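Q: Structure provided below as structure tokens; questions to follow.
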Amino acid sequence: MSNIIRVVNVTKLYKTGESEVWALKGVSLEVKEKEFMAIVGPSGSGKSTLLYIIGGLIRPTSGKVYVRGIDITEMSDDELSEFRHRNIGFVFQMYHLIPRMTALKNVMLPLKLRGISGTEARKRALKALELVGLKHRANHRPAQLSGGEQQRVSIARAIVTEPKIILADEPTGNVDRKSTIQIMDLFKKLNKDLGVTIVMVTHNLELVHYCHRAARLLDGRIAKIYTPSEYRKLAEDMTGAVQAEAPVV
Amino acid sequence: MKLIDYFSLAFDGIKERKGRSIGAVAGIVIAVIALALALGIGEAFRVRFYETLKRALGSDVIYVLPSEHLTESDIMILSSLPDVKHVVPIVGTTVVLKAGTLERTVMVYGIRPEYLKFIVGVERVEDAIEEGSAELVGLNIVVGEFLAYDYLTQTKLIEIGQQVILRGPKRTSVAIVTGILKPAAGPGAAFINTRSSVFINLDTFFRLFRKDMTYDLAIVQVKDINKIEETVDLIKAYLPQSEVLSLKFALEQFGVFINSVQLFLGIISGIGLFITGLWIFDTMTINVVQRTREIGIMKALGFKKKQIMFLFLSEAIAITIIGVAVGAVLTIALSNIVGIPMFGMMIKPKITPEILFLITVTPILTNTVATLAPAYKASKLDPVEALRYE
Numbered sequence: 001m002s003n004i005i006r007v008v009n010v011t012k013l014y015k016t017g018e019s020e021v022w023a024l025k026g027v028s029l030e031v032k033e034k035e036f037m038a039i040v041g042p043s044g045s046g047k048s049t050l051l052y053i054i055g056g057l058i059r060p061t062s063g064k065v066y067v068r069g070i071d072i073t074e075m076s077d078d079e080l081s082e083f084r085h086r087n088i089g090f091v092f093q094m095y096h097l098i099p100r101m102t103a104l105k106n107v108m109l110p111l112k113l114r115g116i117s118g119t120e121a122r123k124r125a126l127k128a129l130e131l132v133g134l135k136h137r138a139n140h141r142p143a144q145l146s147g148g149e150q151q152r153v154s155i156a157r158a159i160v161t162e163p164k165i166i167l168a169d170e171p172t173g174n175v176d177r178k179s180t181i182q183i184m185d186l187f188k189k190l191n192k193d194l195g196v197t198i199v200m201v202t203h204n205l206e207l208v209h210y211c212h213r214a215a216r217l218l219d220g221r222i223a224k225i226y227t228p229s230e231y232r233k234l235a236e237d238m239t240g241a242v243q244a245e246a247p248v249v
Numbered sequence: 001m002k003l004i005d006y007f008s009l010a011f012d013g014i015k016e017r018k019g020r021s022i023g024a025v026a027g028i029v030i031a032v033i034a035l036a037l038a039l040g041i042g043e044a045f046r047v048r049f050y051e052t053l054k055r056a057l058g059s060d061v062i063y064v065l066p067s068e069h070l071t072e073s074d075i076m077i078l079s080s081l082p083d084v085k086h087v088v089p090i091v092g093t094t095v096v097l098k099a100g101t102l103e104r105t106v107m108v109y110g111i112r113p114e115y116l117k118f119i120v121g122v123e124r125v126e127d128a129i130e131e132g133s134a135e136l137v138g139l140n141i142v143v144g145e146f147l148a149y150d151y152l153t154q155t156k157l158i159e160i161g162q163q164v165i166l167r168g169p170k171r172t173s174v175a176i177v178t179g180i181l182k183p184a185a186g187p188g189a190a191f192i193n194t195r196s197s198v199f200i201n202l203d204t205f206f207r208l209f210r211k212d213m214t215y216d217l218a219i220v221q222v223k224d225i226n227k228i229e230e231t232v233d234l235i236k237a238y239l240p241q242s243e244v245l246s247l248k249f250a251l252e253q254f255g256v257f258i259n260s261v262q263l264f265l266g267i268i269s270g271i272g273l274f275i276t277g278l279w280i281f282d283t284m285t286i287n288v289v290q291r292t293r294e295i296g297i298m299k300a301l302g303f304k305k306k307q308i309m310f311l312f313l314s315e316a317i318a319i320t321i322i323g324v325a326v327g328a329v330l331t332i333a334l335s336n337i338v339g340i341p342m343f344g345m346m347i348k349p350k351i352t353p354e355i356l357f358l359i360t361v362t363p364i365l366t367n368t369v370a371t372l373a374p375a376y377k378a379s380k381l382d383p384v385e386a387l388r389y390e
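Here you go:
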């Protein structure tokens, strides 16, 4: 299968006043079409930065990012917005639903942006909510939903425009175990049944078992890319890294 | 994204911030009412004054005011101009009128008796007289009603047939009151205060007060109203030093004055709109800060800068449209109730379609401009920083 995402030697420098922090120090990564890839690594390793660069929310300091064969680093802000809208669905750790809107209205928002409104938008949004098992909660506001339900609404919002790619930033980071399983099953279903490519940032190693591959980021670089047969090794490597980073008592 | 969806999202936002939205709408309502009533009063004043001016000046009349005096030959030449129907020469001077206990400085005008009807604005000479007769011969005089009656005490000051003394600058004469003039509504009312003046036969006037037989004013009536401008040009050519006035000229001059008054009233009440604009600016600036994360979400979903901008602009426009609609309805209701006393009557604001257009467009433009800066700021927010905003 062809690469739907190709990251070539990407760096990202954050400047805050006098201080400079290299979040990414030359990352190259390829994600195949219909692949479910995890990006793991300790806090501050640059996982989210890499995900947002792939999604065009952050511009890299150097390097190239190709999504569906198109170099998105050359795009203007508005071109990036349009590209995101057409190709990518985002799922965030904090759900990022609009509080004043019902679940249905939140899911309808990307459709309205596409110029689809009224009955058609409602129909599609309800279908997406049905897919995540929340059609019966369509008229509830985010505050009336549990964390897991809110995250499933945000997944419905991400898939309602039928994007080729879903970028998920710690999607289970704020939900209980039961909801984590529901969300991961849902991702698996989207990936397997609908052929959606998913790139998921997580620090939960249990979740990598749902994925085809896992890229481990360490200090702004890809340390290694693991296949399912190497996930035990990944767990050992991660534990080792944590121990290595832990202060000596 | 469809326009209706922008406004649907805008109304969601307005509903969420009810308190501030109601405050902003109330401000716009007050500003719209103030502006509409101010302009409406100005408009009503214009209409009322135009009507009064038309009645007083007459649309077929030209006034010739010489720099010094008009001679008999000037009057004859004016009379001979094509399209001229009448030329009414008028001459006047100040005298002291003494009748019994009454002693008052008044204007006495010399006039041909047949032109009294023209001054008063009636068809027949007899109709120009309230009491007595219009026999202006010798030392007979006709007096205005304010000289004949004291309206405060409801008493008559001068009787028909009474002898009165006219003390001029050079000589004093005794005259006999033969009639009391009706209130003037004709062309003469523009320059002569008929209610407080005395009218005497022209020949007698020349004999008593002006030996050189010259005139102070000529009222020229044209046969065809369409020829008035041509006649004005001819008179101006013949008497270049004179002021030649027609109704059109007066209306033009008055129009400049009224426009200035309306502009002044508009600016004063427009301050309300400016303050409303500041309120909207403040509301939308707070709005952008409060909705920073929401802006980040929208950007992540693919909203472009101009779409984010228009989201905030449509919210300001929606608030303004609500305010304008409520304000316009209240204005129309109030325009039938409120009024200001002027010309002895209550002038009520006249709300024209132009005023309604102005009170709709001006607040929308003002508040759109006021929202531009916060909306632009929202559109420029970095999506990731906005998403992380606490």
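Residue numbers (my numbering), protein chains in the order written: chain A, 1 to 249; chain B, 1 to 390.
Each residue gets a CB set at the ideal place from its N, CA and C atoms; glycine is no exception.
This structure is a prediction, so every number in the text was calculated from the model and none was measured.
#1: Tell me which same chain residues have a C-beta within less than 6 Å of the C-beta of R216/A, skipping the five on either side of it?
#2: Which same chain residues, not among the five before or five after V8/A, have their C-beta less than 7 Å away from its C-beta?
#3: Quick check on the burial criterion: 16 or more other C-beta atoms within 10 angstroms. Buried or exposed for R157/A?
#4: In chain A, which residues lie with their C-beta within 7 Å of the C-beta of M1/B?
#5: Give the secondary structure of H140/A by DSSP, where H, G and I count as helix, E and B as strand, and everything else as coil.
#6: Could you tell me which chain A residues have their CB closer than 7 Å to the CB of M310/B, listed as they occur along the chain?
#7: Can you tell me whether DSSP reads Y52/A as helix, strand or coil?
#8: From P169/B to T178/B, what distance separates their C-alpha atoms?
#9: Quick check on T119/A: buried or exposed, where buried means 16 or more other Cβ atoms within 10 Å of its Cβ?
#10: Candidates F205/B, T276/B, V338/B and I297/B: which alpha carbon is nearest T362/B's?
#11: Rounded to the nearest angstrom, what separates V96/B and G132/B at their Cα positions?
#12: Looking only at its own chain, which residues have a Cβ that is under 6 Å from the Cβ of S246/B, when we skip the five neighbours before and after it?
#13: Quick check on Y151/B: buried or exposed, where buried means 16 or more other Cβ atoms within 10 Å of its Cβ?
#14: Measuring only between beta-carbons, confirm whether L387/B sits less than 8 Å from chain A.
#15: Where do the N-terminal and C-terminal ends of the alpha helix (DSSP H) with V326/B fall, by residue?
#16: Going along chain B, which residues have a C-beta under 7 Å from Y52/A?
#17: Using C-beta distances below 7 Å, list every residue in its chain close to V249/A, excluding the 5 sequence neighbours before and after it, in chain order.
#18: Please identify the residue among I347/B, L208/B, L372/B and G323/B whose C-alpha is closest to the C-alpha of I359/B.
#19: What separation, rounded to the nearest whole angstrom, lies between the Cα atoms of S197/B and V32/B?
#20: Quick check on Q150/A: does DSSP put it in helix, strand or coil?
#21: Anyone know if the C-beta pair for I166/A and V201/A falls short of 8 Å?
#22: If you draw a straight line from the alpha carbon of P247/A to that of V208/A, how long is it in whole angstroms?
#23: Could you have a look at Q253/B and say whether DSSP puts it in helix, strand or coil?
#24: Any contact of the segment 371-387 of chain B with the segment 39-46 of chain B, i.e. 3+ C-beta pairs under 8 Å?
#25: Measure from the alpha carbon of F92/A to the alpha carbon of each residue in L145/A, V153/A, D71/A and S229/A, then state which is nearest.
#26: Within the same chain, show all residues whose beta-carbon is closer than 7 Å to that of A125/A, passing over the 5 residues directly before and after it, in chain order.
#27: I'd like to know whether the C-beta atoms of S81/A and K304/B end up nearer to each other than 8 Å.
#28: Could you name the residues of chain A that E294/B contacts, counting a contact when the two beta carbons are closer than 7 Å?
#29: For E114/B, collect the residues of the same chain with a Cβ closer than 7 Å to its Cβ; drop the 5 residues on either side in sequence, then sort them by chain order.
#30: When you check each C-beta in the segment 71-89 of chain A against every C-beta of chain B, which residues fall closer than 7 Å?
#31: Hey, is G302/B's beta-carbon within less than 8 Å of any beta-carbon in chain A?
#32: Would DSSP call V248/A helix, strand or coil?
#33: Suppose the cutoff is 7 Å on Cβ atoms and the five residues either side in sequence are ignored; what does the same chain contact list for N3/A look like?
#34: Grouping DSSP H, G and I as helix and E and B as strand, with all else coil, what is P353/B?
#35: Under the three-state reduction of DSSP, which class applies to N9/A: helix, strand or coil?
#36: Within its chain, find whatever has a CB closer than 8 Å to the CB of T49/A; leave out the 5 residues flanking it on each side and keep chain order.
A: Answer, in terms of the structure:
#1: One-based indexing of the first sequence puts residue 216/A at position 216. For R216/A, where only same-chain residues beyond five positions count, the Cβ hits under 6 Å are V40, G41, A223 and K224.
#2: Residue 8/A sits at position 8 when you count from the first residue of the first sequence. Contacts found: S28, G63 and K64.
#3: In the first sequence, counting from the first residue as 1, residue 157/A sits at position 157. It counts as buried.
#4: Along the second sequence, one-based indexing puts residue 1/B at 1. Residues of chain A passing the Cβ test: K112, L113 and G115.
#5: Indexing the first sequence from 1 puts residue 140/A at position 140. Correct three-state label for H140/A: coil.
#6: Sequence index remark: in the second sequence, residue 310/B carries index 310 (1-based). The identity of residue 310/B in the sequence shown is Phe, whereas the question assumes Met. Result: empty, since nearest Cβ-Cβ is about 12 Å, beyond 7 Å.
#7: Walking along the first sequence from the start, residue 52/A turns up at place 52. It is helical.
#8: As a position in the second sequence, residue 169/B is number 169, starting the count at 1. As a position in the second sequence, residue 178/B is number 178, starting the count at 1. Each residue's Cα considered, the two are about 24 Å apart.
#9: Translated into the one-based positions of the first sequence, residue 119/A becomes position 119. The Cβ neighbour count for T119/A, taken over all protein chains shown within 10 Å, is under 16; the residue is labelled exposed.
#10: As a first step, residue 362/B must be located in the second sequence, where it is residue number 362. For T362/B, the nearest C-alpha among the options comes from T276/B.
#11: Along the second sequence, one-based indexing puts residue 96/B at 96. Along the second sequence, one-based indexing puts residue 132/B at 132. Each residue's Cα considered, the two are about 22 Å apart.
#12: Locating residue 246/B in the second sequence gives position 246, counting from the first residue. The answer, listed in chain order, is I62, I228 and V232.
#13: Taking the first residue of the second sequence as position 1, residue 151/B is located at position 151. Y151/B comes out exposed.
#14: Along the second sequence, read from residue 1 onward, the residue named residue 387/B stands at position 387. True, the Cβ-Cβ gap to chain A drops below 8 Å.
#15: Counting from one through the second sequence, the residue named residue 326/B turns up at place 326. Counting along the chain, the alpha helix (DSSP H) containing V326/B begins and ends at K305 to S335.
#16: Within the first sequence, numbered from 1, the residue matching residue 52/A stands at position 52. Chain B residues near Y52/A: V384.
#17: Position 249 of the first sequence holds residue 249/A. Confidence at V249/A is low in this model, with a pLDDT of 41, below 50, so the placement of that residue should be treated as unreliable; the coordinate-derived value is given next. No residues qualify anywhere along the chain.
#18: The residue given as residue 359/B occupies position 359 in the second sequence. Among I347/B, L208/B, L372/B and G323/B, the Cα nearest to that of I359/B belongs to G323/B.
#19: Mapped onto the second sequence, residue 197/B falls at position 197. Mapped onto the second sequence, residue 32/B falls at position 32. Computed Cα separation, rounded: 47 Å.
#20: Locating residue 150/A in the first sequence gives position 150, counting from the first residue. Correct three-state label for Q150/A: helix.
#21: Taking the first sequence and counting its residues from 1, one reaches residue 166/A at position 166. Taking the first sequence and counting its residues from 1, one reaches residue 201/A at position 201. No. Outside cutoff.
#22: Translated into positions along the first sequence, residue 247/A becomes position 247. Translated into positions along the first sequence, residue 208/A becomes position 208. Confidence is the limiting factor: at P247/A the pLDDT is only 49, short of 50, which leaves the residue's position unreliable and the question unanswerable from this model.
#23: In the second sequence, counting from the first residue as 1, residue 253/B sits at position 253. Under the three-state reduction of DSSP, Q253/B is assigned to helix.
#24: Contact between the segment 371-387 of chain B and the segment 39-46 of chain B is absent, with fewer than three C-beta pairs closer than 8 Å.
#25: Counted from its first residue, the first sequence places residue 92/A at position 92. It is V153/A whose Cα lies nearest to the Cα of F92/A.
#26: Numbered from its first residue, the first sequence carries residue 125/A at position 125. Excluding positions up to five away in sequence, the list reads L104, V107, M108, L111 and V160.
#27: The sequence position of residue 81/A within the first sequence is 81, counting from 1. The sequence position of residue 304/B within the second sequence is 304, counting from 1. Cβ distance < 8 Å, so S81/A and K304/B count as in contact.
#28: Here residue 294/B refers to the residue found at position 294 when the second sequence is read from its first residue. Those within 7 Å of E294/B in chain A are I98.
#29: To locate residue 114/B, count along the second sequence from 1; it is residue 114. So the qualifying residues of the chain are V125.
#30: From the segment 71-89 of chain A, only D77, D78, S81, E82, R84 and H85 have a Cβ closer than 7 Å to chain B.
#31: Taking the first residue of the second sequence as position 1, residue 302/B is located at position 302. Yes - at least one Cβ of chain A is within 8 Å of the one on G302/B.
#32: Residue mapping note: residue 248/A aligns to position 248 of the first sequence, counting from 1. With a pLDDT of 46 at V248/A, under the threshold of 50, the modelled position of this residue cannot be trusted, and the question is left open.
#33: To locate residue 3/A, count along the first sequence from 1; it is residue 3. The answer, listed in chain order, is E30, V31 and K32.
#34: Locating residue 353/B in the second sequence gives position 353, counting from the first residue. In this structure, P353/B counts as helix in the three-state DSSP scheme.
#35: To locate residue 9/A, count along the first sequence from 1; it is residue 9. N9/A falls in the strand class under three-state DSSP.
#36: Counting from 1 along the first sequence, the entry for residue 49/A is found at position 49. Cβ contact annotation for T49/A (same chain, cutoff 8 Å, sequence separation greater than five): K12, A23, L24 and I58, in chain order.
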